[in-house]
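What follows is a single structure, written as structure tokens, with notes after it.
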Amino acid sequence: MSKIAFIGLGNMGAPMASNLARAGHALAVHDLVPASVARLAEAGARAAASAHDAVAGADIVITMLPASRHVEGLYLGDDLLAHIDTRALVIECSTIAPESARKVAAAAQARGIAMLDAPVSGGTAGAAAGTLTFIVGGEADALARARPVLEQMGKNIFHAGPAGAGQVAKICNNMLLGVLMAGTAEALALGVANGLDPKVLSDIVAKSSGRNWATELYNPWPGVMEHAPASKGYAGGFGSDLMLKDLGLAGEAAQATRSSIPLGALARNLYAMHGAAGHGGLDFSSILKLYKPD
Ligand code: NAD
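Take a look at the structure:
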């Protein structure tokens, strides 16, 4: 069993850390929200007073933060790297700009610390069930060291390439997810406006050529799937503002390589409109509200 520091106990980090606590690791946890730390402490983790305190003596450091600025702020701004043992392995799971991932990994390497970018896919349900997909960038030997711990939080582990490659793959996946969710909401709203029952239409699509992750596991129409965020007032899940961030990252990656992403750009604009309407804190499936106002 390892000594693991886990920093960032939000919608994803909390269930991931819970799985590691259940697996018997000595876990030290930290988040800016004291109530999130208290919940993990009840599950047996040590409540660290700060990020610096959490990483003291850790073999493995895992972070699950919102965006690039939080990751760079913590590792570089707050100089967390200086407090991490050089024999430790850092697994950074947030979805951030590949540039940021490379910058922090290079700073870690300069101190002799191995670091992986390991963003995840699978949503909060996958985090709770321990069935996440990890999309990893970094050295193969660091991934070999990380694998036993990743397997306690996830089912599929992919090595995308060197540092930053995990983020590139994750951004491509989430651009497609944003397009699919907006398209699914649009199709359901069209069917309902033309007299169909949303559940009947969803069942049909789920067994037809329009099926996708949203229609199978994460239907945006309230009441169609009991456990989906749409049926819980779009609470929890994957925030619309986080999807907007990921579509922005796709835009930056496209800009850097002169790639065309017309559907990704459209999806980014839809999520920007949705956020401007005050829905940025709701789960990203609430994009349905653009098509079906309350
Ligand atoms: P979240 O906003 O629910 O949680 C982030 C947590 O980080 C919060 O609890 C916040 O207090 C904490 N935090 C921020 N700065 C901190 C700091 N300096 N020190 C300690 N704690 C700090 O976000 P989430 O939904 O858990 O997502 C986390 C990351 O995973 C994001 O990059 C997101 O894009 C990605 N992601 C989310 C999902 C999902 O379904 N929610 C799925 C895949 C990937």
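If you use UniProt numbering, the sequence shown corresponds to residues 1 to 294, in order. Yeah, the Cβ is synthetic: ideal placement off N, Cα and C, and Gly gets one too.
Residue range of the unbroken beta strand (DSSP E) whose run includes residue i
i              : result
methionine 115 : 114-117
threonine 133  : 132-137
asparagine 219 : Per DSSP, asparagine 219 belongs to no beta strand (DSSP E) and is neither H nor E.
isoleucine 62  : 60-63
leucine 89     : 89-92
alanine 160    : 154-161
histidine 52   : Element bounds for histidine 52: not the beta strand (DSSP E) but the alpha helix (DSSP H), 51-55.
alanine 5      : 3-7
alanine 97     : Careful: alanine 97 lies outside any beta strand (DSSP E) and carries neither H nor E.
residue 372    : Here the chain covers residues 1 to 294 and nothing more, so residue 372 does not appear.
Where the alpha helix (DSSP H) through residue i begins and ends
i             : result
glutamate 42  : 34-42
histidine 274 : 262-274
leucine 247   : 240-257
asparagine 19 : 13-22
residue 307   : The question about residue 307 has no answer here: the residues shown for the chain are numbered 1 through 294.
leucine 74    : Note, leucine 74: premise wrong, no alpha helix (DSSP H); not H, not E.
arginine 145  : 140-150
valine 200    : 198-206
threonine 124 : 123-129
Cα-Cα separation between residue i and residue j, rounded to whole angstroms
i              : j              : result
alanine 45     : alanine 185    : 40 Å
valine 192     : tyrosine 291   : 11 Å
proline 198    : alanine 250    : 31 Å
residue 295    : aspartate 294  : The shown model of the chain, from 1 to 294, leaves out residue 295, and the question about it has no answer.
methionine 64  : serine 94      : 5 Å
leucine 116    : isoleucine 4   : 15 Å
asparagine 156 : methionine 16  : 15 Å
alanine 165    : asparagine 194 : 44 Å
methionine 225 : valine 149     : 31 Å
tryptophan 213 : glycine 57     : 40 Å
glycine 275    : alanine 110    : 39 Å
threonine 257  : glycine 210    : 30 Å
isoleucine 84  : methionine 12  : 23 Å
valine 71      : lysine 103     : 10 Å
leucine 27     : valine 61      : 10 Å
glycine 223    : glutamate 216  : 14 Å
leucine 76     : alanine 101    : 12 Å
glutamate 139  : glycine 237    : 31 Å
Pick from the options that is closest to residue i, judged by C-alpha positions
i              : options                           : result
alanine 82     : Ala108, Tyr271, Ile96 and Pro222  : Ala108
alanine 41     : Val29, Ser94, Ser240 and Asn194   : Val29
serine 260     : Cys172, Ala56, Ala125 and Val192  : Cys172
threonine 86   : Gly183, Ala114, Gly73 and Asp197  : Ala114
glycine 137    : Ala105, Leu177, Glu72 and Tyr75   : Ala105
aspartate 141  : Leu89, Lys232, Thr63 and Val61    : Leu89
serine 18      : Trp213, Pro220, Gln152 and Thr215 : Gln152
asparagine 289 : Ala256, Arg258, Gly233 and Ser100 : Checking the sequence shown, residue 289 turns out to be lysine, not asparagine. The residue with the shortest Cα to Cα distance from lysine 289 is Gly233.
valine 37      : Glu216, Met225 and Phe6           : Phe6
leucine 180    : Pro220, Arg22 and Leu76           : Pro220
alanine 146    : Arg258, Leu20 and Asn11           : Leu20
alanine 23     : Pro222, Lys245, Gly210 and Ala129 : Ala129
valine 33      : Ala160, His159, Asp78 and Ala51   : Ala51
leucine 263    : Ile287, Lys245, Ala182 and Leu76  : Ala182
arginine 268   : Lys245, Ala277 and Ala187         : Lys245
residue 296    : Ala277, Asp79 and Ala206          : Residue 296 lies beyond the stretch modelled for the chain, which goes from 1 to 294, so this question has no answer here.
Own chain residues within Cβ distance below 8 Å of residue i, not counting five before or after
i             : result
arginine 39   : Leu9 and Ala14
threonine 133 : Val120, Ser121, Gly122, Gly126, Gly154, Lys155, Asn156, Ile157 and Phe158
Close beta carbons around residue i, own chain, < 6 Å, minus the five adjacent residues each side
i              : result
methionine 243 : Gly178, Tyr271 and Phe284
alanine 97     : Ser68 and Leu249
alanine 254    : Ile261
isoleucine 91  : Ile62, Leu116, Ala118 and Ala146
Close Cβ partners of residue i (< 7 Å) along its chain, the five nearest in sequence each way excluded
i             : result
alanine 265   : Gly251
alanine 43    : Ser18 and Ala21
histidine 279 : Ser240, Ser286 and Lys289
glycine 161   : Gly137
alanine 54    : Ala5, Ile7, Ala28, Val29, His30 and Ala48
leucine 247   : Met175, Gly178, Gly264, Ala267, Arg268 and Tyr271
threonine 131 : Gly122, Gly154 and Lys155
Any non-hydrogen atom of ligand 2 within 7 Å of residue i CB
i             : result
asparagine 11 : In the structure on display, ligand 2 does not appear, and the ligands it does have are ligand 1.
Would you call the stretch 226-240 and the stretch 122-135 in contact, with 3 or more CB pairs under 8 Å? Yes, they touch.
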